[in-house]
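Participant: Heads up: the sequence shown begins at 2 in this note's numbering, then just goes up one per residue. I have a structure here, written as structure tokens, and I will follow up with some questions on it.
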Amino acid sequence: MSDSEYPTYYHLLADRHATRKPLTYLEIGVHEGHSLGLVDSATRVVGVDPEPKIQGELGDNITIVSATSDDYFASEAGQRPFAGHPIEMAFIDGMHHVEFALRDFINIEARSAPDSVVLIHDCVPIDEETARRERSTVIWSGDIWKLIPFLRQHRPDLDITVHDVEPTGMAEITNLDPSNTSLSDRYDELVDELINMPWGSAD
Ligand SMILES: C[S@@+](CC[C@H](N)C(=O)[O-])C[C@H]1O[C@@H](n2cnc3c(N)ncnc32)[C@H](O)[C@@H]1O
Numbered sequence: 002m003s004d005s006e007y008p009t010y011y012h013l014l015a016d017r018h019a020t021r022k023p024l025t026y027l028e029i030g031v032h033e034g035h036s037l038g039l040v041d042s043a044t045r046v047v048g049v050d051p052e053p054k055i056q057g058e059l060g061d062n063i064t065i066v067s068a069t070s071d072d073y074f075a076s077e078a079g080q081r082p083f084a085g086h087p088i089e090m091a092f093i094d095g096m097h098h099v100e101f102a103l104r105d106f107i108n109i110e111a112r113s114a115p116d117s118v119v120l121i122h123d124c125v126p127i128d129e130e131t132a133r134r135e136r137s138t139v140i141w142s143g144d145i146w147k148l149i150p151f152l153r154q155h156r157p158d159l160d161i162t163v164h165d166v167e168p169t170g171m172a173e174i175t176n177l178d179p180s181n182t183s184l185s186d187r188y189d190e191l192v193d194e195l196i197n198m199p200w201g202s203a204d
């Protein structure tokens with residue numbers, strides 16, 4: 002499917018649920034539960050958000066954890082989100098500062114399988130103003146876009162596809178390596194480079 006067949010990130014996400022039929026799905030940043038509404042009832046789901054605002058009933062297959070993703074992954078439950086079964090599919094849509102998304106990716110990859118998929122929202126910003134770390138606009142993708150050139154440089158083994166879907170793009174990452182610690186080993190050194198990446202680096 003080309004990107005034009007996915008009008009929005011919701012359409013892309015829905016397609017991946019329908020075609021991959023993951024047994025397990027982890028979502029970081031659930032807000033009102035719109036993206037969570039796309040999961041199949043046969044998928045075991047954990048959604049993590051410090052301020053979930055879910056409207057309506059959720060299926061028995063869905064567990065919501067009211068916590069930041071960092072606190073969740075540091076917790077006992079977050080060590081083994083699905084009792085040891087790998088995360089087959091994940092969606093990172095939480096805090097819009099790139100170092101948070103990097104930590105989410107590191108934590109998710111370590112709990113995934115090589116054939117799992119990680120989707121990351123907000124990787125194709127509309128313009129420089131909506132892509133700043135400081136929020137000044139209604140639509141705000143923050144500096145998540147920096148993660149893509151960063152991962153392409155530091156993890157060339159990953160398969161990364163960037164989908165230019167509305168409103169602010171979605172990255173799809175496969176060929177994961179749960180045993181790879183190259184990002185976490187150098188986190189303190191790499192995070193400065195990541196945060197200070199100048200606008201235009203992804204062009
Ligand atoms: C853009 S909304 C998520 C939208 C939802 N995924 C959808 O598509 O319907 C971002 C959410 O991330 C949550 N969030 C903010 N900081 C977070 C953190 N540190 N860990 C996890 N979630 C966080 C916010 O509370 C907010 O509900």
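By construction, the Cβ of each residue, glycine as well, lies at the ideal position given by its N, Cα and C atoms.
Keeping to the same chain, check which residues put their C-beta closer than 7 Å to that of Val47; ignore five residues upstream and five downstream.
Facilitator: In the sequence shown, counting from the first residue as 1, residue 47 sits at position 46. So the qualifying residues of the chain are Leu27, Thr64, Val66, Pro82.
Participant: Taking only heavy atoms of ligand 1 into account, decide whether any of them is closer than 6 Å to the Cβ of Met96.
Facilitator: Start at 1 with the first residue of the sequence shown, and residue 96 comes out as number 95. Checking every heavy atom of ligand 1 against the Cβ of Met96, one is found closer than 6 Å.
Participant: Our contact map puts Leu177 next to Arg17 with C-beta atoms below 8 Å; I'd like the distance itself, whole angstroms only.
Facilitator: For this step, residue 177 is matched to residue 176 along the sequence shown. For this step, residue 17 is matched to residue 16 along the sequence shown. Contact doesn't hold; Cβ gap of about 15 Å is too wide.
Participant: Do Glu89 and Leu24 have their C-beta atoms closer together than 7 Å?
Facilitator: As a working note, residue 89 is residue 88 in the sequence shown. As a working note, residue 24 is residue 23 in the sequence shown. It is a contact, given that the beta carbons lie within the stated cut-off.
Participant: Assess, as a yes-or-no matter, whether the region 68–78 is touched by the region 152–170 under the definition of 3 or more beta carbon pairs within less than 8 Å.
Facilitator: Result no; under three Cβ-Cβ pairs closer than 8 Å.
Participant: Hey, would you say the C-beta of Ser76 is under 6 Å away from at least one heavy atom of ligand 1?
Facilitator: Reading the sequence shown from its first residue, position 75 is the one you call residue 76. No, the Cβ of Ser76 stays beyond 6 Å of every heavy atom of ligand 1.
Participant: Could I get the ranges of all uninterrupted beta strand (DSSP E) runs contained in the region 93–173, with 3 residues as the minimum, in chain order?
Facilitator: Whole beta strand (DSSP E) segments, 3+ residues: 113–122, 160–164.
Participant: With a CB to CB cut of under 6 Å and the five nearest residues on each side skipped, what residues in its chain are close to Ile107?
Facilitator: On the sequence shown, residue 107 is found 106 positions in, with the first residue counted as 1. Leu184, Ser185.
Participant: Quick check on Tyr206: does DSSP put it in helix, strand or coil?
Facilitator: This structure does not reach residue 206, given that the chain is present from 2 up to 204, and the question cannot be answered.
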